[in-house]
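A quick write-up on the structure given underneath.
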Amino acid sequence: MKNTFIIFAIFLFFSLNCFSQVNEKIDESWKDVKGNLQVKTEIVLKLTAILRNSNKINNAELNQINSNAKDLKIECRKEVLNGQAVKDLKLKSDNLNKYLVRTLVNIELDSKLKSNKNIITIMDELSLAENNIYSKIRKYNEICSSLNKKELIYIFRSESKSPQVEF
1 MKNTFIIFAI FLFFSLNCFS QVNEKIDESW KDVKGNLQVK TEIVLKLTAI
51 LRNSNKINNA ELNQINSNAK DLKIECRKEV LNGQAVKDLK LKSDNLNKYL
101 VRTLVNIELD SKLKSNKNII TIMDELSLAE NNIYSKIRKY NEICSSLNKK
151 ELIYIFRSES KSPQVEF
C-alpha cells in the first residue's frame, strides 16, 4: 500500500509538472501577442498626435482612434487567459482597426500627408507591427491547436470574407 501511494505521488508530481509546461508555452506566446499589440497602440498614438495638426483628418475620428487604442492597451495589461479574454482582446483590436483603416485611407488620398517623412516613418513602423502581430498570433494559435486548447484560439476573419470598414 505504501509503495502504491509513493508511485501515485510521483506520477501526480510529474503530471502536474507537464501540465505546468503546457500552460507556460501558451502563456508565453499569449504575452508575445499582447506585447506586440501594445507596441501597435504606441505607434497609433504617435500617428494620431502628428495627424492632429492636419486639417484633412477629422478630429472626432482621431479621438475615437485614441480611445480605442487606450482600451486595447488596458485589455493587454490583463493577466487572465481564457476564451473570453481572447475574444475581448480581439474585439478591442477590431474596434481600433475599424477606425484606423478609415484614417489610413484618408492619408493615402492626401498627397501632402502621404509625403510627410514623419508619417512615412510611422506608417512603416505600423506595417512592421502588424506583420509581427500576425506572425505572433499564428504561432500562438499553432501552440493552442497542438495542445488541444481550441477555446483559446484567436480567430481571424476567413480568407473569403474581406474586412469591413464603416463610414
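Here full-length UniProt numbering is used: the first residue of the sequence shown is 1, the next is one more, and so on. From the three backbone atoms N, C-alpha and C, an ideal C-beta is built for every residue, glycine too.
- Non-local beta-carbon contacts of S29 in its own chain, meaning distances under 7 Å to residues more than five positions away in sequence, involve K139, Y140 and I143 in chain order.
- Just so you know, the alpha carbons of I57 and M123 end up roughly 16 Å apart.
- By the neighbour-count criterion, in which a residue is buried when 16 or more other Cβ atoms sit within 10 angstroms of its Cβ, E108 is exposed.
- Leaving aside the five residues that flank K25 on each side, the residues in its chain whose CB is nearer than 8 Å to its CB run, in chain order, I143 and L147.
- In this structure A129 touches V39 by the C-beta definition: roughly 5 Å separates them, less than 8 Å.
- Straight-line measurement puts the Cα of Y99 at about 16 Å from the Cα of S127.
- Annotation for I107: the continuous alpha helix (DSSP H) segment containing it runs G83 to L109.
- Rounded to whole angstroms, the Cβ separation of I65 and T103 is 6 Å, and the two are in contact under 8 Å.
- Counting along the chain, Y154 sits inside no alpha helix (DSSP H), nor does DSSP assign it H or E at all.
- A straight-line Cα-Cα distance of about 7 Å links R52 and N59.
- Put simply, the backbone Cα of V105 is about 32 Å away from that of K78.
- Secondary structure note for K70: its alpha helix (DSSP H) is the uninterrupted segment N59 to R77.
- In the structure shown, the three-state DSSP call for S115 is coil.
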